[in-house]
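Take a look at the structure set out below.
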Amino acid sequence: MRLARQGDDEAYRRLLGQVAVWLRAVVRRGLASAGRGPAESEDIVQEALLAVHLKRETWDPSRPLGPWLRAIARHKLADHLRRRGFHDHVDIDDWSNAPELAVEVATPAAIDSRRLLASLPERQRTIVQEISLEGHSAADVAARLGMSEGAVRVALHRALKALAAFYRRENP
Amino acid sequence: MNTDQLLGALVADGAAAKSPIGRSLLRALAAGVAVSLVVFFSTLGIRPDIRPALETWRFDLKIVTVVLGLALAFGVCRDCARPDMPPHPARRLLPLLVLVVAAVAVELALVPEASWRQRLVGSNMLICLPMVPILSLAPLAAVLWMLRRAAPASPALAGASAGLVAALSGATLYAFHCFDDSPLFVATWYSLATLAMVVVGALLGRRLLRW
């Protein structure tokens, strides 16, 4: 994270990858202890990853990263359970199966991506699709859309913030 | 969108972080105070007898109290902006509490009981109560706006801390106008005005600072 703050994208990618794996384990454990299956876990993982990214200025580099990450994971998990718990009941059967369910394939798709992307304005949607789904770089996308790279980055950043807001609002 | 694809988008958004939240909050507070300074000088202004006042211990103590309060409150606010907020952030305010209680005790010991009431009520109470909150509006807006970029463990608490910082910055400006220097006056009316802003901040924070 220290390297990443200085703009080392490769270090940042590695870090976020590790954080995602760690989050997945923490979130599934949290869901299991609340008596819920892992079906919703990837939504929470993605929401927490967005928060790690968008709120990274709140990490103080003179402190360890672990407690900060745990606090974000706890916040997002609690938020999710509060929203869902309101109209859902705890499924006992699910609870008893939780330990086995926890060993499942990695990175299943979360929220239906079309619904999520449909919530964005068109320009932002195109940019997110090109960068995240098709793996182009910001510079490539800028050339193709006839925008400056800076403008693509601004639009991408806005889109990520909009996605974070979308999770907060819509996630059933 | 699966998580790997999301990761790609996050990395494309850039690894480098903006300045740490503490520094951003300080900048926001400074901007808010700048607006309040304009309001202060166009409505109240510094009291005309500022030079002799500076030589009285009551005026100096009043200034020390509000400035100390402002510095401590800023620390509380910075703590509250973090998801891993340290436990009991309000503990930072202890020195302020000790100073105010000591100042009140000294004043009660020095001044005859007959004039307690007059010193408590002062001459400016009706200006102090609305003006401290008015002078803290711009700082409150600026700090709350910056806190939306933060990730407060408790939105209501972070909002309350923003109200506290804002009120103390308003009180610091107001203190240079007000003729009532008695610790009895400061401890009562400044605290009431501050409390009102803390409540406003907490209510706004609960709505605005969720993330």
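Residue numbers (numbering that gives the first Met the number 0), protein chains in the order written: chain C, 0 to 171; chain Z, 0 to 210. Note that CB positions come from ideal geometry on N, CA and C, so glycine has one too. From a predicted model like this one, the values you see are computed outputs, not experimental measurements.
Helix, strand or coil at residue i [DSSP, three-state]
i	result
residue 19/C	helix
residue 110/Z	coil
residue 2/Z	helix
residue 131/C	helix
residue 55/Z	coil
residue 17/Z	coil
residue 115/Z	helix
residue 8/Z	helix
residue 99/C	Reliability fails at residue 99/C, whose pLDDT of 40 lies under 50, so the model's placement of it is uncertain and the value that follows must be treated cautiously. DSSP places residue 99/C in helix when its eight states are reduced to three.
residue 178/Z	coil
residue 115/C	helix
residue 145/Z	helix
residue 150/Z	coil
residue 83/Z	coil
residue 130/Z	helix
residue 42/C	helix
residue 45/Z	coil
residue 121/Z	coil
residue 255/C	The structure shown has nothing for residue 255/C, since chain C only spans 0 to 171.
residue 145/C	coil
residue 188/Z	helix
residue 23/Z	helix
residue 138/Z	helix
residue 61/C	coil
Among the options, the one whose alpha carbon lies nearest that of residue i
i	options	result
residue 42/Z	165/Z, 182/Z and 134/Z	134/Z
residue 14/C	62/C, 76/C and 52/C	52/C
residue 19/C	117/C, 49/C and 158/C	49/C
residue 27/C	139/C, 76/C, 131/C and 158/C	76/C
residue 21/Z	33/Z, 79/Z and 36/Z	79/Z
residue 57/Z	93/Z, 36/Z, 72/Z and 110/Z	110/Z
residue 53/Z	167/Z, 175/Z and 85/Z	175/Z
residue 74/C	83/Z, 185/Z and 118/Z	83/Z
residue 138/Z	89/Z, 189/Z, 44/Z and 69/Z	69/Z
residue 126/Z	173/Z, 89/Z and 99/Z	173/Z
residue 47/Z	177/Z, 190/Z and 205/Z	177/Z
residue 87/Z	15/Z, 157/Z and 190/Z	157/Z
residue 90/Z	74/Z, 122/Z and 189/Z	74/Z
residue 120/Z	104/Z, 155/Z, 93/Z and 187/Z	187/Z
residue 39/Z	50/Z, 200/Z, 204/Z and 136/Z	136/Z
residue 153/Z	210/Z, 113/Z, 101/Z and 100/Z	210/Z
residue 159/C	47/C, 146/C, 63/C and 133/C	47/C
residue 35/Z	168/Z, 122/Z, 124/Z and 7/Z	168/Z
residue 204/Z	55/Z, 155/Z and 190/Z	155/Z
residue 145/C	126/C, 57/C, 9/C and 25/C	126/C
Nonlocal neighbours in the same chain, by C-beta distance under 8 Å from residue i, ignoring five residues either side
i	result
residue 198/Z	159 and 162
residue 23/Z	17, 145 and 148
residue 103/Z	182, 183 and 186
Same chain, Cβ closer than 6 Å to residue i, neighbours up to 5 away in sequence not counted
i	result
residue 79/C	43
residue 192/Z	128, 131 and 132
residue 202/Z	none
residue 137/C	148, 151 and 152
residue 33/Z	none
residue 2/Z	none
residue 19/Z	none
Whole-Å CB distance - residue i paired with residue j, under 8 Å assumed
i	j	result
residue 196/Z	residue 151/Z	Contact doesn't hold; Cβ gap of about 17 Å is too wide.
residue 128/C	residue 154/C	No, residue 128/C and residue 154/C are not in contact; Cβ-Cβ is about 12 Å, not under 8 Å.
residue 30/C	residue 72/C	At roughly 12 Å, the Cβ-Cβ gap does not stay under 8 Å, so residue 30/C and residue 72/C are not in contact.
residue 17/C	residue 5/Z	About 15 Å; that fails the 8 Å criterion.
residue 71/Z	residue 95/Z	5 Å
residue 119/C	residue 161/C	6 Å
residue 211/Z	residue 170/Z	Given a span of 0 to 210 for chain Z in the structure shown, any question on residue 211/Z remains unanswerable.
residue 134/C	residue 7/Z	6 Å
residue 10/Z	residue 12/C	5 Å
Where residue i meets chain C, residues with beta-carbon distance less than 9 Å
i	result
residue 117/Z	The contacting residues do not exist; residue 117/Z stays about 48 Å from chain C at best.
residue 19/Z	56, 57, 58, 59 and 60
Where residue i meets chain Z, residues with beta-carbon distance less than 7 Å
i	result
residue 39/C	Within 7 Å Cβ-Cβ: nothing; residue 39/C doesn't reach chain Z, min ~13 Å.
residue 66/C	83
residue 16/C	6
residue 19/C	2 and 6
residue 181/C	Residue 181/C is absent from the model: chain C starts at 0 and stops at 171.
Partners in chain C for residue i, counting only beta-carbon separations shorter than 7 Å
i	result
residue 292/Z	This structure cannot speak to residue 292/Z, because chain Z is shown only from 0 to 210.
residue 50/Z	Per Cβ cutoff of 7 Å: no residues; residue 50/Z is ~43 Å from chain C at best.
residue 5/Z	45, 48 and 131
Close-in-space but distant-in-sequence residues of the same chain around residue i (CB under 7 Å, 5 per side omitted)
i	result
residue 142/Z	24, 27, 28, 31, 76, 161, 164 and 165
residue 118/Z	110, 181, 183 and 184
residue 89/C	With a pLDDT of 40 at residue 89/C, under the threshold of 50, the modelled position of this residue cannot be trusted, and the question is left open.
residue 140/C	126, 129, 130 and 151
Neighbouring residues, chain C, relative to residue i (Cβ below 8 Å)
i	result
residue 168/Z	Chain C residues near residue 168/Z: none, gap ~22 Å exceeds 8 Å.
Proximal chain Z residues relative to residue i, where beta-carbon distance stays under 8 Å
i	result
residue 148/C	Near residue 148/C there are no residues of chain Z at all, since even the closest Cβ is about 11 Å away, more than 8 Å.
residue 42/C	Going along chain Z, no residue has its Cβ under 8 Å from residue 42/C, so there is no contact; the nearest lies around 10 Å.
residue 79/C	Within chain Z, no residue comes near residue 79/C; the closest Cβ sits about 13 Å away, beyond 8 Å.
9 Å Cβ cut-off: residues of chain Z touching residue i
i	result
residue 173/C	Shown here, chain C extends from 0 to 171; a query on residue 173/C therefore has no answer.
residue 168/C	Near residue 168/C there are no residues of chain Z at all, since even the closest Cβ is about 11 Å away, more than 9 Å.
residue 152/C	11, 12 and 13
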